[in-house]
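Asker: Protein chains in written order, with the working numbering: chain U, 174 to 583; chain L, 261 to 362.
Before we start, here is the structure in question, set down as C-alpha cells.
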Ligand SMILES: Cc1cc2nc3c(=O)[nH]c(=O)nc-3n(C[C@H](O)[C@H](O)[C@H](O)COP(=O)(O)OP(=O)(O)OC[C@H]3O[C@@H](n4cnc5c(N)ncnc54)[C@H](O)[C@@H]3O)c2cc1C
C-alpha cells in the first residue's frame, strides 16, 4: 500500500481529500488527513460576525463531517515534516508518505509588531481574522459609544486582501444603522500607496471611500502600537491616534513550516506557481494559503488550484509530466455596505476589470461594479462553501482558468 | 500613457511608474527624484540598484524584506526617501510599486 498524506483539513486540504479519494484505488492508496482542531471555520464569515450579521453557529461545523469515507482523519498537531525521509511527525506518532500535500494555511502573527499583542489586545486593539478576535470585536461593537476607529493593515501578503476594506465599508453601514455614524470617525490605514493600487480599480472604485466618509492614510509601515497613548506609530515616527484599532496583523504560514525548514521569511512554502509542486521536493505539493505563489490567498483560489492539483497528483503517480496550468485565478466578492457588493475575477496577469460574469454580456453578476445581486452572491457563497467547495464539486459555469470573455479589456 | 522625461519618451502608469524597465536610465531616475524633491546621493544609487536586482529576480518588495536584508535599516530607508520610502524608491528605480489585488 502507498500513502498519501494531507496536512491541514481547512478549505484546501478538505477539498483535496474529496477530490482524490474517488480517483485513487482503495487497494493501492491510503489517504490520511491531519488537523489539530475539531472545528472547521467558515473564515469569510469572520467579516460578518463583528456586526452581528452572522451567528457563531453559521461559521463553524465539525470538520470530520466533510472528510469522505475511506480517508483516515487524524486529529493531532503536526510537529515536523522531514522531507528527505518522507516522514511527518505528529504529537505522538510518525507517518510515512509517498506523496505529501501541504495545506496548513496561514494565520495572524500579531507578535511581529511591538505592542500589538499587548495589554490592550482584544480590549481596544482587535483582529477579526480569528474566531476569537471576531467574537471579541462583536462584543466590543455592541457597546462601543464611538470615537476614532482605525481599520489597519500591517503588511502584505494577507489572506483575503480585500477583507480590511470590506470591514471599513461594513462599519460605515453598521454605524449608520445604529444611528451613531456622526459619533464615529473611520480611517483606513495601509502600508501601500492607496486603498486601490491597480489602475482599473483605482479609477472605478476611488469614489467609495469618499462617499462613505472614510479617511485614508497611506504609506504607513507600522513599527509599534503605543498602548499608553493609544497610537500606532510608523518607522518614520508618524503617529495616528485611535480609540478602537481593528488591525490585520502580519499573516504567516504555520510554525511547523519553519520548524521543518521548508518556508520563506513568512513561513510560506516555495511552490511552482503553475503546477503547485513544491520547489524543493518533487513528491511534496502545496495548496491554498500555505504556498508562496503570487496569487491571492482566498478560498476561491484554493478551489481553482485543487482542480489542477488533483490532475497533477494523478499525472505524478503515472510518472507523466505535470500540467503547468494554474493561472492564479481568483474570484472574490467585496462587500461595500448597504447590501451591495462588487465582484472581481482576475489572475496572475490580468488585473480586475469591468464586465459581466459568468455569462459574457449577460451576467447576472457585474464585475468591478456595485450591485445588490453581487451582495446576494456573497451571501450565497456560504452555502456554496459548505455544500460544494469543500466537497470538491465544480462551480457551474466557472472554470479553473480565468476567461477573458465578458471582460472589458483595452 | 507616455510622458517625456529628460528628453526621452517613456511609458508610465497614471501615477507615474515606468511600465517598461528597459526604458529606465540614471538620467530618468534623477528627474523622477527631483520631482519628489530628492537629491540622489551615492547611497541612494546603491539602494536603487539593490531594489532593481530584487524586483528583477521576481521578489516582492516589502518593509519586512528590507529589514531582513541587512542592506539598510528602516530608519535609514525613511531618511533617504521621506514619507513613503517603498512608493518613492520603486518609482525612482523604475520598477512597479508594491500592490494589492485591487
Ligand atoms: C476574515 C476573512 C474573510 C475571508 N473572506 C473570503 C472570501 O470572501 N472569499 C474567499 O474565497 N476567501 C476568503 N477568505 C480566505 C479563506 O478563508 C482562506 O483563503 C482559505 O480558508 C484557505 O484555505 P487553506 O486550506 O489554505 O487554509 P485554512 O482553511 O486556514 O486551513 C489550514 C488548516 O491547517 C491546520 N493546521 C495548520 N498547522 C497545523 C499544525 N501544525 N498541526 C495541525 N493542523 C495544522 C489548521 O488547523 C487549519 O485547519 C477569508 C479569510 C478571512 C480570515
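Idealized CB from N, CA, C, for every residue including glycine.
Tell whether a beta-carbon distance below 8 Å holds between residue 514/U and residue 551/U.
Answerer: For the purposes of this step, residue 514/U is taken as residue 341 along the first chain, with counting starting at 1. For the purposes of this step, residue 551/U is taken as residue 378 along the first chain, with counting starting at 1. Cβ atoms of residue 514/U and residue 551/U: closer than 8 Å.
Asker: Run down chain L in chain order and give the residues with a C-beta less than 8 Å from the C-beta of residue 521/U.
Answerer: As a position in the first chain, residue 521/U is number 348, starting the count at 1. What residue 521/U touches in chain L: nothing, since even the nearest Cβ is about 11 Å away.
Asker: What would DSSP say about residue 462/U, mapped onto helix, strand or coil?
Answerer: In the first chain, the residue the question calls residue 462/U occupies position 289. DSSP places residue 462/U in helix when its eight states are reduced to three.
Asker: Taking residue 281/U as the query, report the chain L residues whose CB atoms sit under 7 Å from its CB, ordered along the chain.
Answerer: Numbered from 1 along the first chain, position 108 holds the residue referred to as residue 281/U. Those do not exist, as residue 281/U stays about 15 Å from chain L at its closest Cβ, beyond 7 Å.
Asker: State the DSSP-derived secondary structure class of residue 170/U, mapped to helix, strand or coil.
Answerer: Here chain U has residues from 174 to 583 only, and residue 170/U is not among them.
Asker: Would you verify that the beta carbon of residue 324/L is, or is not, closer than 8 Å to some beta carbon of chain U?
Answerer: Within the second chain, the letter at position 64 stands for residue 324/L. Output row for residue 324/L: interface = yes.
Asker: If you check the beta carbons only, do residue 360/L and residue 334/U fall under 8 Å apart?
Answerer: Numbered from 1 along the second chain, position 100 holds the residue referred to as residue 360/L. Numbered from 1 along the first chain, position 161 holds the residue referred to as residue 334/U. Contact: yes.
Asker: Should residue 361/L be counted as a contact of ligand 1 given a C-beta to heavy atom distance under 7 Å?
Answerer: Working through the second chain from its first residue, we reach residue 361/L at position 101. Checking the Cβ of residue 361/L against ligand 1 gives no.
Asker: Pick helix, strand or coil for residue 317/U, following the three-state DSSP scheme.
Answerer: As a working mapping, residue 317/U is identified with position 144 in the first chain. Three-state result, residue 317/U: coil.
Asker: Can you tell me where the beta strand (DSSP E) holding residue 506/U begins and where it ends?
Answerer: Stepping through the first chain from its first residue, residue 506/U is reached at position 333. From DSSP, the beta strand (DSSP E) with residue 506/U extends over 503-510.
Asker: Could you tell me if residue 289/U is buried or exposed, where buried requires 16 or more neighbouring beta carbons within 10 angstroms of its beta carbon?
Answerer: Counting from 1 along the first chain, the entry for residue 289/U is found at position 116. Label assigned to residue 289/U: buried.
Asker: At a cut of 8 Å, does the region 413-431 of chain U reach the region 279-293 of chain U through at least three beta carbon pairs?
Answerer: Of all C-beta pairs linking the region 413-431 of chain U to the region 279-293 of chain U, three or more are shorter than 8 Å, placing the two stretches in contact.
Asker: Could you give the residue range of the alpha helix (DSSP H) that holds residue 485/U?
Answerer: Start at 1 with the first residue of the first chain, and residue 485/U comes out as number 312. Counting along the chain, the alpha helix (DSSP H) containing residue 485/U begins and ends at 472-490.
Asker: Suppose the cutoff is 7 Å on Cβ atoms and the five residues either side in sequence are ignored; what does the same chain contact list for residue 368/U look like?
Answerer: In the first chain, residue 368/U corresponds to position 195, counting from 1. The beta carbon of residue 368/U lies closer than 7 Å to those of 338, 361, 382 and 389 in the same chain, with the five residues before and after it left out.
Asker: Taking all protein chains shown into account, do 16 or more other C-beta atoms lie within 10 angstroms of the C-beta of residue 444/U, making it buried, or fewer, making it exposed?
Answerer: Counted from its first residue, the first chain places residue 444/U at position 271. Flag for residue 444/U reads buried.
Asker: Considering only their Cβ atoms, is the gap separating residue 435/U from residue 254/U smaller than 8 Å?
Answerer: As a first step, residue 254/U is located in the first chain; it is residue number 81 there, counting from the start. As a first step, residue 435/U is located in the first chain; it is residue number 262 there, counting from the start. Against a cut-off of 8 Å, the Cβ pair of residue 435/U and residue 254/U comes out as a contact.
Asker: In chain order, what residues of the same chain lie with their CB nearer than 6 Å to the CB of residue 331/U, ignoring the 5 residues before and after it?
Answerer: Position 158 of the first chain, counted from the start, is the residue given in the question as residue 331/U. 421 and 424.
Asker: Can you give the beta carbon distance from residue 344/L to residue 407/U, rounded, assuming they're within the 8 Å contact cut?
Answerer: Numbered from its first residue, the second chain carries residue 344/L at position 84. Numbered from its first residue, the first chain carries residue 407/U at position 234. Between residue 407/U and residue 344/L the Cβ distance is about 10 Å, and since that is not below 8 Å, they are no contact.
Asker: Taking Cβ to Cβ, would you say residue 215/U is nearer than 8 Å to residue 558/U?
Answerer: Working through the first chain from its first residue, we reach residue 215/U at position 42. Working through the first chain from its first residue, we reach residue 558/U at position 385. Taking C-beta atoms as the reference points, residue 215/U and residue 558/U count as a pair closer than 8 Å.
Asker: How many Å lie between residue 438/U and residue 328/L at the Cα?
Answerer: On the first chain, position 265 is the one that residue 438/U refers to. On the second chain, position 68 is the one that residue 328/L refers to. Those two C-alpha atoms are separated by around 9 Å.
Asker: Mind listing the chain U neighbours of residue 358/L? Cutoff is C-beta to C-beta under 9 Å, in chain order.
Answerer: By 1-based counting over the second chain, the position of residue 358/L is 98. Simply 329, 364, 365, 366 and 370.
Asker: Going by the C-beta, is residue 251/U closer than 7 Å to any heavy atom of ligand 1?
Answerer: Translated into positions along the first chain, residue 251/U becomes position 78. Because some heavy atom of ligand 1 lies under 7 Å away, the Cβ of residue 251/U counts as near it: yes.
Asker: Less than 8 Å separating the beta-carbons of residue 352/L and residue 289/L?
Answerer: In the second chain, the residue the question calls residue 352/L occupies position 92. In the second chain, the residue the question calls residue 289/L occupies position 29. A contact, by the Cβ cut-off of 8 Å.
Asker: Using only the heavy atoms of ligand 1, determine whether one of them is closer than 7 Å to the beta carbon of residue 506/U.
Answerer: Within the first chain, numbered from 1, the residue matching residue 506/U stands at position 333. Residue 506/U: yes, Cβ under 7 Å from ligand 1.
Asker: Tell me which residue opens and which closes the beta strand (DSSP E) that residue 246/U is part of.
Answerer: In the first chain, residue 246/U corresponds to position 73, counting from 1. Segment 244-248, the beta strand (DSSP E) holding residue 246/U.
Asker: Which one of 234/U, 429/U, 464/U and 556/U has the shortest CA to CA distance from residue 263/U?
Answerer: For this step, residue 263/U is matched to residue 90 along the first chain. When each option's Cα is compared against that of residue 263/U, the closest is 429/U.
Asker: Using 10 angstroms around the beta-carbon of residue 310/U, count the other beta-carbons present and answer buried if the total reaches 16, otherwise exposed.
Answerer: As a working note, residue 310/U is residue 137 in the first chain. Buried is the call here.
Asker: Can you say whether residue 313/L is buried or exposed, counting buried as having 16 or more other CB atoms within 10 angstroms of its CB?
Answerer: Counting from one through the second chain, the residue named residue 313/L turns up at place 53. Its Cβ having fewer than 16 others within 10 Å, residue 313/L is exposed.
Asker: In or out: residue 535/U buried (at least 16 other Cβ within 10 Å) or exposed?
Answerer: Mapped onto the first chain, residue 535/U falls at position 362. Its Cβ having fewer than 16 others within 10 Å, residue 535/U is exposed.
Asker: Out of 447/U, 455/U, 442/U and 451/U, which has the shortest C-alpha to C-alpha gap to residue 462/U?
Answerer: Translated into positions along the first chain, residue 462/U becomes position 289. If we check each option's Cα against that of residue 462/U, 442/U comes out closest.
Asker: Three-state secondary structure (DSSP) at residue 359/L?
Answerer: As a working note, residue 359/L is residue 99 in the second chain. Coil, per DSSP.
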